[in-house]
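See structure below.
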Amino acid sequence: MLILALDSTAIAASVALCDGEKLLANYTINLGNTHSETLLPMVEAVMKAAHIRVADIDLFAVSEGPGSFTGVRIGAATAKGLAFGKYKPCIGVSTLEALAYNLIGFEGIACPVMNARRSQVYTALFEVSGGKTLTRLAPDRAISIAELEDELLTQNAPIYLSGDGYDITREGFTRLAVKDTPAILIPQNAYSVAMCALKKYNEGVRTTDVELAPVYLRLSQAERERAEKQKSLEI
286 MLILALDSTA
296 IAASVALCDG
306 EKLLANYTIN
316 LGNTHSETLL
326 PMVEAVMKAA
336 HIRVADIDLF
346 AVSEGPGSFT
356 GVRIGAATAK
366 GLAFGKYKPC
376 IGVSTLEALA
386 YNLIGFEGIA
396 CPVMNARRSQ
406 VYTALFEVSG
416 GKTLTRLAPD
426 RAISIAELED
436 ELLTQNAPIY
446 LSGDGYDITR
456 EGFTRLAVKD
466 TPAILIPQNA
476 YSVAMCALKK
486 YNEGVRTTDV
496 ELAPVYLRLS
506 QAERERAEKQ
516 KSLEI
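If you read the sequence shown in the numbering used here, its first letter stands for residue 286, the second for the next number, and so on.
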């Protein structure tokens with residue numbers, strides 16, 4: 286099964302082409318480039334290098350969020366556009382679950398963290414066992430770093446972080462020591478997106494490009510400001 290996977294939910298942009306669990310090509314840029322300008326050329330480069338056409342893809346996978354509002358929309362729109370009219374599965378996966386999958390070779394607690402601004406991180410918790418199994422322990426949510434530290438202090442296992450909130454989270458922890466994560470495993474990796482989507486596919490998920498929708502977890506800044514303005518007018 287040929288899988289094309291995308292992730293543009295944070296600073297890094299990543300595209301992967303897989304044949305089942307086998308990675309054929311992976312293209313990642315972690316320079317803060319504008320994803321609307323780079324993501325589609327990255328897809329084209331990967332497909333050209335592998336001599337594969339978009340029509341050959343059996344499964345389209347994308348990080349559906351949480352993350353940067355603009356980045357999440359760009360990734361979802363690109364995946365929907367590539368899958369449009371092809372009647373192939375188009376599966377969205379949690380950005381946080383894909384980041385946790387980066388840590389699949391370790392034993393302990395995988396704690397993906399993404400900078401959610403306003404002194405918060407998007408996060409979830411997963412247990413990594415046997416070096417190959419992820420078990421979700423907590424849902425995707427936006428919480429303060431202090432709240433996350435309190436929660437992790439109750440875990441009796443090594444803790445590994447990943448995601449673009451890695452540095453601010455480690456700096457924000459005052460009572461908890463976490464394990465070092467190799468730099469290559471910290472940013473998003475579209476291969477992890479592909480593997481999470483493949484797992485959902487094997488479990489019977491068959492969402493289409495029409496059904497695919499971004500997941501934001503909270504309102505955008507513009508929506509928050511509009512709500513606050515409306516509330517002040519009602520007082």
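Glycine residues also receive a C-beta, built at the ideal position from the N, C-alpha and C atoms.
Item: Nearest residue (CA-CA) to ASN487, options ALA442, GLU306 and ALA298; Value: GLU306
Item: Nearest residue (CA-CA) to CYS375, options ILE288, ILE469 and ARG358; Value: ILE288
Item: Completely contained alpha helix (DSSP H) runs for the segment 415 to 471, where each covers 4 or more residues; Value: 430 to 437 and 451 to 457
Item: Start and end residues, beta strand (DSSP E) containing CYS313; Value: Strictly speaking, residue 313 in this sequence is Thr, with Cys absent from that position. Residues 307 to 314.
Item: Contacts around LYS373, its chain only, beta-carbon distance under 7 Å, and the 5 residues preceding and following it disregarded; Value: ILE342, ASP343, LEU344 and PHE345
Item: Contact set for GLU293: own chain, Cβ-Cβ below 7 Å, skip 5 residues either direction; Value: According to the sequence displayed, residue 293 carries Ser and not Glu. For SER293, where only same-chain residues beyond five positions count, the Cβ hits under 7 Å are HIS320, LEU324, GLY356, ILE359 and GLY360.
Item: Same chain, Cβ closer than 6 Å to ARG460, neighbours up to 5 away in sequence not counted; Value: none
Item: As assigned by DSSP and simplified to three states, the class of ILE359; Value: helix
Item: Option nearest ALA395 by Cα separation, candidates LEU291, ILE296 and LEU470; Value: LEU470
Item: Assumed close pair ALA290, VAL478 - CB separation to whole angstroms, cut-off 8 Å; Value: 4 Å
Item: Backbone CA spacing between LEU433 and MET332 [nearest angstrom]; Value: 40 Å
Item: Extent of the continuous alpha helix (DSSP H) to which VAL478 belongs; Value: 475 to 487
Item: THR408 versus GLY390 - alpha carbon distance; Value: 20 Å
Item: Residue from TYR445, THR493 and ILE296 with nearest C-alpha to PRO351; Value: ILE296
Item: LEU384 and GLY448 closer than 8 Å at C-beta; Value: yes
Item: Closest Cα partner of VAL406 within the set GLU412, ARG338, ALA368 and THR380; Value: THR380
Item: Beta-carbon proximity check, ALA364 vs LEU497, cutoff 8 Å; Value: yes
Item: Sequence-distant residues of its chain with Cβ nearer than 6 Å to GLY457 (five each side left out); Value: ILE430
Item: Rounded C-alpha distance that separates PRO521 from ARG426; Value: Summary: the structure shown does not reach residue 521, with the chain confined to residues 286 through 520, and so no result is reported for it.
Item: Span separating the alpha-carbon of GLY393 from that of PRO424; Value: 17 Å
Item: DSSP state of ASP292 mapped onto helix, strand, coil; Value: strand
Item: C-alpha distance - GLY317 paired with ALA298, whole-angstrom precision; Value: 8 Å
Item: Buried/exposed call for VAL490, threshold 16 Cβ in 10 Å; Value: exposed
Item: GLU508 - DSSP class collapsed to helix/strand/coil; Value: Low local confidence applies: a pLDDT of 44 at GLU508 is under 50, so the model's placement there is unreliable, with the coordinate-based value given in what follows. Looking at GLU508 - three-state DSSP - the assignment turns out to be helix.
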